[in-house]
Amino acid sequence: MVLITAPVALQADDTAAREAVERVIRAQLKAFSRDDDEKAFSFASPAIQRGFESPQAFGDMVRERYPAVYSAKTVRFREQVPHEGFVVQRVQLRGPNGLYWDAYYRMERQDGGWCIGGVVLEQVAGGI
495 MVLITAPVAL
505 QADDTAAREA
515 VERVIRAQLK
525 AFSRDDDEKA
535 FSFASPAIQR
545 GFESPQAFGD
555 MVRERYPAVY
565 SAKTVRFREQ
575 VPHEGFVVQR
585 VQLRGPNGLY
595 WDAYYRMERQ
605 DGGWCIGGVV
615 LEQVAGGI
């Protein structure tokens with residue numbers, strides 16, 4: 495017998511985890527919208543933080559390479575997919591230039607909470 499498994503969306507009993515993940519992402523997006531790089535940096539995983547000499551350097555990189563994240567005009571949370579050791583949260587964003595993006599957030603557990611371990615953006619044809 496061969497058993498094939500795939501990640502499945504979080505179940506209703508994982509509501510608290512789902513909401514906690516969303517709170518972290520919303521808080522970082524809010525910090526970016528206020529140009530508060532230090533606060534936004536605090537939501538990044540330790541591995542991400544080690545890659546930057548300062549919160550300002552992190553903010554500059556996000557501002558330059560991820561304008562839809564730094565200056566999101568519309569934010570819609572979609573499915574979460576659990577994996578071994580992390581969760582991927584899909585968030586649909588409308589950036590400052592009016593283009594739409596799917597942002598795939600890698601969310602990691604750290605010290606009983608959640609942090610952002612990375613984001614991959616994929617442009618969406620049309621709107622959300």
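So the sequence shown is numbered by the working numbering: it starts at 495 and just counts up by one.
Built from N, CA and C at the ideal position, the CB exists for glycine as well.
For the pair of segments examined, the stretch 535-543 was found to touch the stretch 505-525: the number of CB pairs separated by less than 8 Å reaches three. In the structure shown, Leu-523 falls within a helical segment according to DSSP collapsed to helix, strand and coil. In the DSSP assignment, Arg-603 falls within the beta strand (DSSP E) that extends over 594-604. Contact annotation: Leu-587 and Val-569 have beta-carbon atoms nearer than 7 Å. Around Lys-567, the same chain offers Arg-588 as residues with beta carbons nearer than 6 Å, after the five sequence neighbours per side are excluded.
Between Leu-593 and Arg-572, the alpha-carbon positions lie close to 18 Å from each other.
Note on the stretch 539-618: whole beta strand (DSSP E) runs with a minimum of 3 residues are 568-577, 580-588, 594-604, 607-618, in chain order.
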